Amino acid sequence: MIKPQSVGVVTPSRARFTEPLALRSGGTLDEYELVYETYGELNEARSNAVLVCHALSGSHHVAGHYADDPRDIGWWDNLIGPGKPLDTNKFFVIGVNNLGGCHGSTGPRSPNPATGRPWGADFPFVTVEDWVGSQARLADRLGIERFAAIVGGSLGGMQAISWTLQYPERVGHAVVIAAAPKLTAQNIAFNEVARQAILTDPEFHGGHYYEHGVVPARGLKLARMIGHITYLSDDSLAEKFGRSLRHGKTMYSYDVEFEIESYLRYQGDKFAGHFDANTYLLTTKALDYFDPAFEYGGNLARALARSTADYLVVSFTTDWRFSPSRSEEIVYALLHNQRNVSYAEIDCPSGHDSFLLDDVRYHAVLRSYFDRIKT
Amino acid sequence: MSYRYDFDVIAQWIAPGEKVLDLACGDGSLLRHLMAERDVQGYGVENDIDNLVACIDNGINVIQVDLEKGLAGFEDGFFDHVIMSLSLQAIHNTQGILAEMLRVGREAVVSFPNFGYWRHRQSILNGRMPVSESLPHQWFNTPNVRFFTIADFESLCELNGIEIRERLAFDEGTPVEDEANFRASVAVYRLGRGA
Numbered sequence: 157m158i159k160p161q162s163v164g165v166v167t168p169s170r171a172r173f174t175e176p177l178a179l180r181s182g183g184t185l186d187e188y189e190l191v192y193e194t195y196g197e198l199n200e201a202r203s204n205a206v207l208v209c210h211a212l213s214g215s216h217h218v219a220g221h222y223a224d225d226p227r228d229i230g231w232w233d234n235l236i237g238p239g240k241p242l243d244t245n246k247f248f249v250i251g252v253n254n255l256g257g258c259h260g261s262t263g264p265r266s267p268n269p270a271t272g273r274p275w276g277a278d279f280p281f282v283t284v285e286d287w288v289g290s291q292a293r294l295a296d297r298l299g300i301e302r303f304a305a306i307v308g309g310s311l312g313g314m315q316a317i318s319w320t321l322q323y324p325e326r327v328g329h330a331v332v333i334a335a336a337p338k339l340t341a342q343n344i345a346f347n348e349v350a351r352q353a354i355l356t357d358p359e360f361h362g363g364h365y366y367e368h369g370v371v372p373a374r375g376l377k378l379a380r381m382i383g384h385i386t387y388l389s390d391d392s393l394a395e396k397f398g399r400s401l402r403h404g405k406t407m408y409s410y411d412v413e414f415e416i417e418s419y420l421r422y423q424g425d426k427f428a429g430h431f432d433a434n435t436y437l438l439t440t441k442a443l444d445y446f447d448p449a450f451e452y453g454g455n456l457a458r459a460l461a462r463s464t465a466d467y468l469v470v471s472f473t474t475d476w477r478f479s480p481s482r483s484e485e486i487v488y489a490l491l492h493n494q495r496n497v498s499y500a501e502i503d504c505p506s507g508h509d510s511f512l513l514d515d516v517r518y519h520a521v522l523r524s525y526f527d528r529i530k531t
Numbered sequence: 032m033s034y035r036y037d038f039d040v041i042a043q044w045i046a047p048g049e050k051v052l053d054l055a056c057g058d059g060s061l062l063r064h065l066m067a068e069r070d071v072q073g074y075g076v077e078n079d080i081d082n083l084v085a086c087i088d089n090g091i092n093v094i095q096v097d098l099e100k101g102l103a104g105f106e107d108g109f110f111d112h113v114i115m116s117l118s119l120q121a122i123h124n125t126q127g128i129l130a131e132m133l134r135v136g137r138e139a140v141v142s143f144p145n146f147g148y149w150r151h152r153q154s155i156l157n158g159r160m161p162v163s164e165s166l167p168h169q170w171f172n173t174p175n176v177r178f179f180t181i182a183d184f185e186s187l188c189e190l191n192g193i194e195i196r197e198r199l200a201f202d203e204g205t206p207v208e209d210e211a212n213f214r215a216s217v218a219v220y221r222l223g224r225g226a
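For the record, the sequence lines run as chains A and B. Numbering of the first sequence is given in the numbering used here, commencing with residue 157 and proceeding in unit increments. Numbering of the second sequence is given in the numbering used here, commencing with residue 32 and proceeding in unit increments.
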C-alpha cells in the first residue's frame, strides 16, 4: 500500500449563481455564492466525483492546507488524500460551504441585496433540502451529472440521505456516518438551549449585531460549550479530565477549578472567536427541521423508497447525541426497500466526535467501501 | 476462501431471486456463492469488525448485529431463508436465535458440528476433548459455547415446535445415510415453523 499523503496546498473556488433558489421556508435567494474546494482530478467519464457534506461547524475546507496558513488543515484531512481511505488518486472530492454558512458562501454576514447591509437575522431559513438543491447546482456547474458517492457525518449524513431522495438518479453511494433520520426531542432540546444562549445575549441585537460592531460571543460560547458536551462521551471526558483540579485542591471559587471547565471555556472561546452566531442559529434549525419521513406519516421506509443508492451506514457505540439505534432506523428502512446497505457500529470511546477521528477499524470500513465503488 | 461442501447443500434449498439473510456470515463467502448461483438479494449479519470489512471487500451487504440480542430490527417473514452456517454452537441464546430466525424467515437453514460424531466420542472415551475437522479448536480457545449432538438438536426442535423439513448429514464431506448421530460430523437442516 502507498503511504497515505496530504493533498497538499489547496485553494478555495467560488461559484456565483444568479438563478433564484426557492427555499422550503417560502423565502427565495435571488442570487448567491458557494465556496468550495476540490481534490484529485475529475476523470474523463466524470464518474469519480465524491461530495463531502459538512456538519454544524464544518466548512468547504475538508482536506489539505492553505499556502499562507499551513496549520489550517481541512477538517477531514485524515480521511481524504492520496492513499487515504477516500483516495484522491481515484476520486475527485468536493467540499462545499453550505448556504447560510460563515466560511465564504452566502450567509447572514453577506450583504442583503435589498438593503446593502448584512442580512443578519433577515437571512432566510435554509433547510437540508435547500442545501442539497444548491449543491446540485454546483454539481451542474462542475459538469457532474452523477456522484460516485456522497459522504457526510452527523448533519452531513443527513444531507447525503436527502441527496438520495431529492436526486436519486444522481447518487451512486451514500456514506452516512453518525447521523439520524431526524432529531429526537432531546436533540432539539439541546439545540434550543444553545439558541437561547445566543438569542438572549444582550449583544445579539435581534441578529443585527454586525451593525453594532459587536458579536454575541457569550451566547455563542455557551452554545458551543453545551454542544461540545454532547459530542463527547462520559467515558472520554472521564479519561481525558476526570475530576482533575487545576490547583490540585478545591478553591471554592467560580474561576476554573476542574480541568473540564478549562477545556470547555477554551473550546467555547475559540469557537466564538470565528464562528457566526446567525449561522449557528440557522444551522441548528436546519437540523431540527430535517425529517424526510414526516410527509409519509412518519414512515421512514416509505420515505426512503425513492432512494436507489447503495448505502454504507456507520455509527459509534459511545455516540449518545446520534446513537447507534438512530443509524439502525436508517438501515432497517433501507432493508425494507431491499436496497444495498451495509452497517458498522464502531466500538470507539469518543462519542459523536468519533466520526472525525481516525480510529483504525472505522477507517478500515471506509477504505474497503470506497475501494469497492466503481467509477 | 476454500470450497465448502455445505455451500452447495444450502444452495440447493434456495430458489433463484430469494431474499436471504446469513447470520454470522464470516467474510461473506456463502452469500457470494448464493449471489452467483442463485442470484439472491443477500444480507449478511456479523458482529466482528474484521469480518465486516472482509464482507465489504467481497461486495456483500453486511449489517452489524449482536446475535445474542436477537434480530429485533428485522421484520417478520421478510426473508425467504435465514441461514446460520456452523455458528449455532457459538451462540448462548440458542432457543432465542432459532425463534428469531423463524420469525424473520419463511424457513431457516442451520448447520452445526455434531458433538456425537464417533471420533468425538472416541476422544472423550480416551479422556480428551475432541479436536477434528468440524471442531478445529482446542478446549481453551474454542469460540463454541454450546456442545450438542444431532439427537439433542432434534429434541430441542420438537420441544420448541420447530418442524424439521429436511436433514442432510456428512462425515467430513461424505453424505451419511444412517446413524447420523454416530457417523456424521456435520448436519445441515431446513427448518420451518411447526403447524
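The beta carbon of each residue, even a glycine, is placed where N, CA and C say it ideally should be. Quick caveat: nothing in here was measured; it's all calculated off a predicted structure.
Three-state class that DSSP yields for residue i in the structure shown
{"i": "Glu-193 of chain A", "result": "strand"}
{"i": "Met-32 of chain B", "result": "Because Met-32 of chain B carries a pLDDT of 36, less than 50, the predicted location of this residue cannot be relied on, and the following value inherits that uncertainty. In the structure shown, Met-32 of chain B sits in coil (DSSP, three-state: anything other than H, G, I, E or B)."}
{"i": "Thr-205 of chain B", "result": "strand"}
{"i": "Asp-466 of chain A", "result": "strand"}
{"i": "Ser-116 of chain B", "result": "strand"}
{"i": "Cys-209 of chain A", "result": "strand"}
{"i": "Thr-173 of chain B", "result": "coil"}
{"i": "Thr-167 of chain A", "result": "coil"}
{"i": "Asp-243 of chain A", "result": "strand"}
{"i": "Lys-530 of chain A", "result": "coil"}
Cut-off 6 Å between Cβ atoms - residues of its own chain near residue i, not counting five sequence neighbours on either side
{"i": "Tyr-36 of chain B", "result": "Gly-204"}
{"i": "Phe-521 of chain A", "result": "For the record, residue 521 of chain A in the displayed sequence is Val; it is not Phe. Correct list, in chain order: Ala-500."}
{"i": "Met-32 of chain B", "result": "Note on Met-32 of chain B: pLDDT 36, under 50, position unreliable in the model; the coordinate value appears next. Once the five neighbours on either side are set aside, the close Cβ partners of Met-32 of chain B are Ser-60."}
{"i": "Ser-23 of chain B", "result": "Outside the displayed range of chain B (32 to 226) lies residue 23 of chain B, so it cannot be described from this structure."}
{"i": "Ser-483 of chain A", "result": "Val-469 and Ser-471"}
{"i": "Ser-118 of chain B", "result": "Ala-55"}
{"i": "Arg-150 of chain B", "result": "Ser-163"}
Residue i: contacting residues in chain A (beta-carbon distance under 9 Å)
{"i": "Asp-111 of chain B", "result": "Under the 9 Å cutoff, chain A gives no residues; its nearest Cβ is about 12 Å from Asp-111 of chain B."}
{"i": "Leu-98 of chain B", "result": "Near Leu-98 of chain B there are no residues of chain A at all, since even the closest Cβ is about 14 Å away, more than 9 Å."}
Min CB distance residue i to chain B below 8 Å
{"i": "Ser-524 of chain A", "result": "yes"}
{"i": "Arg-458 of chain A", "result": "no"}
{"i": "Ala-520 of chain A", "result": "yes"}
{"i": "Arg-302 of chain A", "result": "no"}
Chain A within 8 Å of residue i, Cβ atoms only
{"i": "Met-32 of chain B", "result": "Here Met-32 of chain B scores only 36 on pLDDT, less than 50, and its place in the model should not be relied on; the value that follows carries that caveat. Chain A contact via Cβ: absent."}
{"i": "Val-51 of chain B", "result": "no"}
{"i": "Glu-106 of chain B", "result": "yes"}
{"i": "Asp-58 of chain B", "result": "no"}
{"i": "Gly-101 of chain B", "result": "no"}
{"i": "Leu-83 of chain B", "result": "yes"}
{"i": "Gly-90 of chain B", "result": "yes"}
{"i": "Gly-204 of chain B", "result": "no"}
Residues that residue i contacts on chain B, provided the C-beta gap is smaller than 7 Å
{"i": "Arg-482 of chain A", "result": "Chain B residues near Arg-482 of chain A: none, gap ~12 Å exceeds 7 Å."}
{"i": "Arg-517 of chain A", "result": "Ile-80"}
Chain B contact residues for residue i, given Cβ-Cβ distances below 9 Å
{"i": "Ala-334 of chain A", "result": "Going along chain B, no residue has its Cβ under 9 Å from Ala-334 of chain A, so there is no contact; the nearest lies around 14 Å."}
{"i": "Arg-374 of chain A", "result": "What Arg-374 of chain A touches in chain B: nothing, since even the nearest Cβ is about 42 Å away."}
Close Cβ partners of residue i (< 7 Å) along its chain, the five nearest in sequence each way excluded
{"i": "Leu-66 of chain B", "result": "For the record, residue 66 of chain B in the displayed sequence is Met; it is not Leu. Closer than 7 Å at Cβ, skipping near neighbours: Gly-73."}
{"i": "Gly-299 of chain A", "result": "Arg-202"}
{"i": "Asp-515 of chain A", "result": "Ile-502 and Cys-504"}
Contact list for residue i against chain A, beta-carbon separation under 7 Å
{"i": "Val-93 of chain B", "result": "Ser-498"}
{"i": "Ile-87 of chain B", "result": "Ser-498, Val-521, Ser-524, Tyr-525 and Arg-528"}
{"i": "Leu-65 of chain B", "result": "In chain order: nothing, as chain A lies at least about 15 Å away."}
beta-carbon residue i near the ligand NAP non-hydrogen atom, thresh 7 Å
{"i": "Ala-334 of chain A", "result": "No copy of the ligand NAP occurs in the structure displayed, which carries no ligand at all."}
Contacts around residue i, its chain only, beta-carbon distance under 8 Å, and the 5 residues preceding and following it disregarded
{"i": "Ala-121 of chain B", "result": "Ala-55, Pro-174, Asn-175, Val-176 and Arg-177"}
Requested in this report: With 8 Å as the C-beta to C-beta threshold (strictly closer), list the residues of the segment 68-80 of chain B near chain A in chain order.
Outcome: Listed in chain order, the positions of the segment 68-80 of chain B with a beta carbon within less than 8 Å of a beta carbon of chain A are Gln-72, Tyr-74 and Ile-80.
Query - Short-range partners of chain B found in the segment 484-514 of chain A, where Cβ spacing is below 8 Å - result: Closer than 8 Å at the C-beta level to chain B, one finds these residues of the segment 484-514 of chain A: Glu-484, Val-487, Tyr-488, Leu-491, His-492, Gln-494, Asn-496, Val-497, Ser-498, Tyr-499, Ala-500, Glu-501, Ile-502 and Asp-503.
Query raised in the report: Got a sec: which bits of the segment 116-142 of chain B sit with their beta carbon under 8 Å from any beta carbon on chain A, in order along the chain?
Result: When C-beta distances to chain A are compared with 8 Å, every residue of the segment 116-142 of chain B stays at or above that value.
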